[in-house]
Amino acid sequence: MPLETFHPAVRAWFEERFGRPSPPQAQGWPAIARGENVLILAPTGSGKTLAAFLKCLDILYQQGVRREPGVQVLYISPLKALNNDIYRNLEIPLAGIEAKARELGLPLPHLTHAVRTGDTPQQERKEMRRNPPDILITTPESLYLLLTSRSRDILRTVRYVIVDEIHALCTSKRGAHLSLSLERLEALLPRPPVRIGLSATLRPLEEVARYLGGTGRPVTIVDAGARRELDLRVEVPVDDMRALPESSIWPAIYRRVLELVAAHRSTIVFVSSRGLAERLAGQLNALAGREVARVHHGSLSREAREQVEAELKAGRLPCLVATSSLELGIDVGAVDLVIQIESPGTVSRGLQRVGRAGHALGAVAKGRLLPKYRGDLLETAGIVREMRRGNLEEIRVPTGALDVLAQQIVAMAAMDEWRVDDLLARVRRAWGYRDLTERQLHGVLEMLAGRYPAAEFRELRPRIVWDREAGVIRRREGARALAVLSGGTI
20 MPLETFHPAV
30 RAWFEERFGR
40 PSPPQAQGWP
50 AIARGENVLI
60 LAPTGSGKTL
70 AAFLKCLDIL
80 YQQGVRREPG
90 VQVLYISPLK
100 ALNNDIYRNL
110 EIPLAGIEAK
120 ARELGLPLPH
130 LTHAVRTGDT
140 PQQERKEMRR
150 NPPDILITTP
160 ESLYLLLTSR
170 SRDILRTVRY
180 VIVDEIHALC
190 TSKRGAHLSL
200 SLERLEALLP
210 RPPVRIGLSA
220 TLRPLEEVAR
230 YLGGTGRPVT
240 IVDAGARREL
250 DLRVEVPVDD
260 MRALPESSIW
270 PAIYRRVLEL
280 VAAHRSTIVF
290 VSSRGLAERL
300 AGQLNALAGR
310 EVARVHHGSL
320 SREAREQVEA
330 ELKAGRLPCL
340 VATSSLELGI
350 DVGAVDLVIQ
360 IESPGTVSRG
370 LQRVGRAGHA
380 LGAVAKGRLL
390 PKYRGDLLET
400 AGIVREMRRG
410 NLEEIRVPTG
420 ALDVLAQQIV
430 AMAAMDEWRV
440 DDLLARVRRA
450 WGYRDLTERQ
460 LHGVLEMLAG
470 RYPAAEFREL
480 RPRIVWDREA
490 GVIRRREGAR
500 ALAVLSGGTI
């Protein structure tokens, strides 16, 4: 039994709350306990986040007070909203396990956790540096900023790195950026951390595992990705898309969306832009004569995001109109229906978004897709057919993103002097840079050191010092400020 090796308080709490482990937990825990890098694929609502966290917590509990002060578990996700959700959801097992330990009369250390994102107030950041949490929840960009600051010292004790929603990162330059940050992190540590990746929709698993582990690091794949039961329908809210009765399809879309919202307790509507989200929510509220819909997107303040998430989770908000900010695994309670306005663009995105409905193991995911024009209808129908078949697009990890590499090199030089040979070896450990040649690296270093190929570039300031005789690079004045001000790739 997977729970046999757990601390008695952890085991008693889990069995009392959940009974038996879900497939990703039962299959993932032994690999994590053995210290293996692990990629866990499982449906939304199957408990894969707890599969990653609980074994890490259990190991820390079993070690007791012998731990070195500093961050032990580093959790990285693409979204600030998901980080806040994880923070709240971590409070439940941490408090429950400690209460169970007191009930059993067992000594147990108190584990702390904190969030570090762009929303984190300066005072909290200072406190974090003085008293590092055991568990740090962050984003790829905030990890990069931490590594490029004095606060990086709190990361020198990291033993476990959890990358959630890895499919949303690994196919973009944002993922290339994160892969280099993970290599920079490992360079700080006395031993490589255990890497744990989580996802609900991706293929092929082997390529994602290579991205997670990097060059030369084996990764155990836990494929608990059983297909969920889907209730899908493409709906055209007009009789003829060639002859629109109101010169636009939008009035019919507004009415149909409102009908669907009225027929369900809790609905998420996905749209393509923030402006459309605001407009659609306004039209739904005007038609209903009261507030039935709110918006959720990346431009909302932290307080506004958390308020609408709490209202939806509590069942007080019938409808939330969102962009991609809600397509990942945020716990927003029991959502009955997902409506997608226009084609989701890919099978994986369609499954990810529809999977927000029935957010529980074994629940049916109900989705309604409303195309806007005839070409959109054809694409939507094709994607829905492949969603039903479970035919996901194959992902591709981008290789050799030299612009991202240049940004990270400036940040690395701002913090430490690097031998060029060591720099090349470290960068090649990231899967997307495994084939980086010495010539390519030297080209990037020449540009950063101010050796430009044409006269019109000569006014650009050098960003690093490259001592060719010694074979090292080091910072120039202002390099760290430049690296911090340019902290992301989005």
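Going by the working numbering, the sequence shown opens with residue 20, and the numbers climb by one from there.
For glycine and all other residues, C-beta sits at the position ideal for the given N, C-alpha and C.
Less than 7 angstroms between the C-beta atoms of Asn304 and Glu310, yes or no? Position 285 of the sequence shown, counted from the start, is the residue given in the question as residue 304. Position 291 of the sequence shown, counted from the start, is the residue given in the question as residue 310. Their beta carbons are under 7 angstroms apart, which means Asn304 touches Glu310 by this criterion.
Alpha-carbon to alpha-carbon, Thr190 and Leu217: Counted from its first residue, the sequence shown places residue 217 at position 198. Counted from its first residue, the sequence shown places residue 190 at position 171. Linking Leu217 to Thr190 through their CA atoms gives a straight-line distance of about 15 angstroms.
How far does the alpha helix (DSSP H) with Thr68 in it reach, from first residue to last? Counting from one through the sequence shown, the residue named residue 68 turns up at place 49. First-last of the alpha helix (DSSP H) with Thr68: 67-82.
By DSSP, does Ile509 sit in helix, in strand, or in coil? Residue numbering aside, residue 509 sits at position 490 when the sequence shown is read from its first letter. Only weak support exists for where Ile509 lies, its pLDDT of 48 falling under 50; the value from the coordinates is given anyway. Coil at Ile509, not helix or strand.
Terminal residues of the continuous alpha helix (DSSP H) containing Ser367? To locate residue 367, count along the sequence shown from 1; it is residue 348. In the DSSP annotation of this structure, the continuous segment of the alpha helix (DSSP H) that includes Ser367 starts and ends at 366-373.
Going by C-alpha distance, which of Ala498, Arg148, Gly334, Val290 is nearest His315? As a position in the sequence shown, residue 315 is number 296, starting the count at 1. It is Val290.
Any idea what DSSP makes of Lys385, helix, strand or coil? As a position in the sequence shown, residue 385 is number 366, starting the count at 1. Reduced to three states, the DSSP call for Lys385 is strand.
For Gly386, decide whether its Cβ has a neighbour in chain D, counting only Cβ atoms nearer than 7 angstroms. Included in the structure is just one protein chain, with no chain D present.
Go to Phe37, then tell me how far its alpha helix (DSSP H) extends in each direction, as first and last residue. Along the sequence shown, one-based indexing puts residue 37 at 18. 27-37 is the span of the alpha helix (DSSP H), which, as asked, contains Phe37.
In the structure shown, what three-state DSSP assignment does Tyr94 receive? Locating residue 94 in the sequence shown gives position 75, counting from the first residue. The answer is strand: DSSP assigns Tyr94 an E or B state.
Along the chain, where does the beta strand (DSSP E) containing Ala341 start, and where does it finish? Walking along the sequence shown from the start, residue 341 turns up at place 322. Bounds of the beta strand (DSSP E) holding Ala341 are 338-341.
Work out the CA separation of Leu295 and Glu322 for me, nearest whole Å. Taking the first residue of the sequence shown as position 1, residue 322 is located at position 303. Taking the first residue of the sequence shown as position 1, residue 295 is located at position 276. Glu322 and Leu295 have their C-alpha atoms some 22 angstroms from each other.
Is the separation between the beta-carbon of His186 and that of Leu221 shorter than 7 angstroms? In the sequence shown, counting from the first residue as 1, residue 186 sits at position 167. In the sequence shown, counting from the first residue as 1, residue 221 sits at position 202. Their beta carbons are under 7 angstroms apart, which means His186 touches Leu221 by this criterion.
Does the separation of the CB atoms of Cys338 and Val280 fall below 7 angstroms? One-based indexing of the sequence shown puts residue 338 at position 319. One-based indexing of the sequence shown puts residue 280 at position 261. Contact: yes.
Go through its chain and collect everything with a Cβ distance to Ser362's Cβ below 7 angstroms, but skip five positions before and after it. The count along the sequence shown starts at 1 and reaches residue 362 at position 343. Pro390, Asp395, Glu398, Thr399, Ile402.
May I have the straight-line CA-CA distance separating Ala206 from Arg171, to the nearest angstrom? Here the question's residue 206 lines up with position 187 in the sequence shown. Here the question's residue 171 lines up with position 152 in the sequence shown. So the alpha carbons of these two residues sit roughly 12 angstroms apart.
What separation, rounded to the nearest whole angstrom, lies between the Cα atoms of Ser198 and Gly233? Residue 198 sits at position 179 when you count from the first residue of the sequence shown. Residue 233 sits at position 214 when you count from the first residue of the sequence shown. Taking the straight line from one Cα to the other gives about 8 angstroms.
In chain order, what are the residue ranges of uninterrupted beta strand (DSSP E) at least 3 long that sit wholly in the region 232-303? Listed in chain order, the complete beta strand (DSSP E) runs (minimum 3 residues) inside the region 232-303 are 238-242, 249-253, 286-289.
Compute the distance between the beta-carbons of Pro212 and Arg178, then report whether it is under 7 angstroms. Numbered from its first residue, the sequence shown carries residue 212 at position 193. Numbered from its first residue, the sequence shown carries residue 178 at position 159. With respect to the 7 angstroms criterion, Pro212 and Arg178 are classified as neighbours on the basis of their beta carbons.
Check the DSSP bridge columns for Ile492 and list the partner residues they point to. Position 473 of the sequence shown, counted from the first residue, corresponds to residue 492. Looking at the DSSP output, Ile492 bridges to Trp437, Trp485.
Alpha helix (DSSP H) segment containing Leu501, residue limits: Start at 1 with the first residue of the sequence shown, and residue 501 comes out as number 482. For Leu501, the enclosing alpha helix (DSSP H) starts and ends at 498-504.
From which residue to which residue does the beta strand (DSSP E) around Ala312 run? Walking along the sequence shown from the start, residue 312 turns up at place 293. Note, Ala312: beta strand (DSSP E), 312-315.
Between the region 483-500 and the region 427-435, can you find at least three pairs of beta-carbon atoms closer than 8 angstroms? Touching, yes, given that three or more Cβ pairs across the two stretches are closer than 8 angstroms.
Could you tell me the distance, in whole angstroms, from the CA atom of Thr286 to the CA atom of Gly469? Counting from 1 along the sequence shown, the entry for residue 286 is found at position 267. Counting from 1 along the sequence shown, the entry for residue 469 is found at position 450. The straight-line gap from Cα to Cα measures roughly 54 angstroms.
DSSP state of Ser41 mapped onto helix, strand, coil: Within the sequence shown, numbered from 1, the residue matching residue 41 stands at position 22. Under the three-state reduction of DSSP, Ser41 is assigned to coil, being neither helix nor strand.
Check whether the region 118-131 and the region 155-164 are in contact - that is, three or more C-beta pairs closer than 8 angstroms. Counting C-beta pairs closer than 8 angstroms gives fewer than three between the region 118-131 and the region 155-164, which falls short of the contact rule.
Spatial distance of Leu249 from Asp355 (CA atoms): The residue labelled residue 249 in the question sits at position 230 within the sequence shown. The residue labelled residue 355 in the question sits at position 336 within the sequence shown. Leu249 and Asp355 have their C-alpha atoms spaced approximately 12 angstroms apart.
DSSP three-state call for Gly216: helix, strand or coil? If you number the sequence shown from 1, residue 216 lands on position 197. DSSP places Gly216 in the strand class (E or B) of the three-state scheme.
Should Lys67 be labelled buried (16 or more other beta-carbon atoms within 10 Å of its own) or exposed? If you number the sequence shown from 1, residue 67 lands on position 48. Buried is the call here.
Applying the criterion that 16 or more other CB atoms from any shown protein chain within 10 Å of the CB defines a buried residue, is Asp153 buried or exposed? Along the sequence shown, read from residue 1 onward, the residue named residue 153 stands at position 134. By the neighbour-count criterion, in which a residue is buried when 16 or more other Cβ atoms sit within 10 angstroms of its Cβ, Asp153 is buried.
Any contact of the region 110-122 with the region 42-49, i.e. 3+ C-beta pairs under 8 angstroms? These segments do not touch.
Cutting at 6 angstroms between CB atoms, please list the residues of its own chain near Val383, excluding the five before and the five after it. Residue mapping note: residue 383 aligns to position 364 of the sequence shown, counting from 1. Apart from the 5 residues on each side of it in sequence, Val383 sits with its Cβ closer than 6 angstroms to the Cβ of Glu248, Asp250, Gly377 in its chain, given in chain order.
Given a cut-off of 7 angstroms, decide if Ala195 and Pro417 are closer than it, judged by their beta-carbon atoms. Numbered from its first residue, the sequence shown carries residue 417 at position 398. Numbered from its first residue, the sequence shown carries residue 195 at position 176. It is a contact, given that the beta carbons lie within the stated cut-off.
For Phe72, count the other beta carbons within 10 Å of its own beta carbon; 16 or more makes it buried, fewer makes it exposed. Which is it? Counted from its first residue, the sequence shown places residue 72 at position 53. Buried.
For Thr157, report the span of its alpha helix (DSSP H) as first-last. Here residue 157 refers to the residue found at position 138 of the sequence shown. Unbroken run through Thr157 is the beta strand (DSSP E), 154-157; no alpha helix (DSSP H).
For the candidate residues Ala31, Leu204, Ile268, Pro223, whose alpha-carbon lies nearest to that of Glu122? In the sequence shown, the residue the question calls residue 122 occupies position 103. Among Ala31, Leu204, Ile268, Pro223, the Cα nearest to that of Glu122 belongs to Ala31.
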